[in-house]
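Enquirer:
This is how it looks when you write it as structure tokens:
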């Protein structure tokens, strides 16, 4: 077995293990070796440039996924997707929040300027628009995932992202590219005093500005003072939500995003 063949074989073996495939690796390997694209890669690999090797390997990895997932076209209830992170909500999920089937205390808002992992881009990105997500336990596990039996406590009313997530058929996930992410205004409305408060908070406590002040606070006393004022304002407006609108603290992460004091701790190491 050549170095190229060994690398592909080990990659395939690891992938089948990761997706808990019941298939024997030798059987799937035999199928992969018959594929025209694999044969083309195997024959040309020694003569390919570094850039062409990277492109070929990316396509080969997608082929391994396709063939691997075909060995288990059903959900094994392994819980891997639930352990890797909670779903973002889309406009179709608004009724879940409005009806209380997905209570506001169970979701939080990642605001514009924050960093988050993008499933579509498969990397950490800085958000241009806000995202409303289901909360997670430490380690990114969705709070509704039941570890005892690998089940979902809201399965009947699970969000759109969960419903289209089929690890054995990842192309279905592409449908989300045509869908609009849920925003706070879809739930709160925009012609009311509560939205005015949320908008004012976003203006006075924007994440992009917070990260800028955090970056310059050690050399600029004004930046340090402004950052302190921003954190104090965030604390005050959360108290105002509870006292004036009767919104409990466990829902504040939806209305205002995570506390600035928490975000400062998260981002200060990178700045």
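Residue numbers (this note's numbering): 5 to 275. Glycine included, C-beta positions come from ideal geometry on N, C-alpha and C. Note that this is a predicted model, so its numbers are computed, not measured.
Assess, as a yes-or-no matter, whether the segment 183 to 202 is touched by the segment 249 to 269 under the definition of 3 or more beta carbon pairs within less than 8 Å.
Expert: Touching, per the Cβ criterion.
Enquirer: Taking the alpha-carbon positions, what's the residue 179 to residue 74 distance?
Expert: Answer to the nearest angstrom: the Cα atoms are 20 Å apart.
Enquirer: Excluding the 5 residues flanking residue 148 on each side, which residues of the same chain have their C-beta closer than 6 Å to its C-beta?
Expert: 156, 157, 158.
Enquirer: What's the gap between the Cα of residue 244 and the Cα of residue 206?
Expert: Straight-line Cα distance between these residues: approximately 15 Å.
Enquirer: Quick one: what's residue 114 bridged to in DSSP?
Expert: Answer is 135, bridged to residue 114.
Enquirer: Look at residue 93 and residue 50 and say whether their C-beta atoms are less than 8 Å apart.
Expert: Their beta carbons are not under 8 Å apart, which means residue 93 does not touch residue 50 by this criterion.
Enquirer: Here's a check: name, in chain order, each residue in its chain whose Cβ is nearer than 7 Å to the Cβ of residue 211, leaving out the five neighbours to either side.
Expert: Closer than 7 Å at the Cβ level, and outside the excluded window around residue 211, lie 115, 116, 117, 118, 267.
Enquirer: Please name the residue in 172, 193, 189, 168 whose C-alpha comes closest to that of residue 181.
Expert: Measuring from the Cα of residue 181, the nearest candidate turns out to be 168.
Enquirer: Taking the straight line between their C-alpha atoms, what separation do you get for residue 225 and residue 240?
Expert: Approximately 23 Å between the Cα atoms of the pair.
Enquirer: Along the alpha helix (DSSP H) that carries residue 181, what are the first and last residues, could you check?
Expert: Run containing residue 181: none; DSSP gives neither H nor E here.
Enquirer: Can you tell me where the beta strand (DSSP E) with residue 122 in it begins and where it stops?
Expert: 119 to 122 is the extent of the beta strand (DSSP E) around residue 122.
Enquirer: Do residue 121 and residue 89 have their beta-carbon atoms positioned less than 8 Å apart in this structure?
Expert: In this structure, residue 121 lies closer than 8 Å to residue 89 by Cβ.
Enquirer: Between the Cα of residue 47 and the Cα atoms of 8, 254, 67, which residue gives the shortest distance?
Expert: Ranking 8, 254, 67 by Cα distance to residue 47 puts 8 first.
Enquirer: Report the three-state DSSP secondary structure of residue 156 (helix, strand or coil).
Expert: Strand.
Enquirer: DSSP three-state call for residue 78: helix, strand or coil?
Expert: Correct three-state label for residue 78: coil.
Enquirer: Can you list the alpha helix (DSSP H) stretches of 4 or more residues lying completely in the segment 187 to 263, in chain order?
Expert: Taking only runs of at least 4 residues, the alpha helix (DSSP H) segments lying wholly in the segment 187 to 263 are 188 to 192, 197 to 208, 211 to 220, 225 to 249, 256 to 259.
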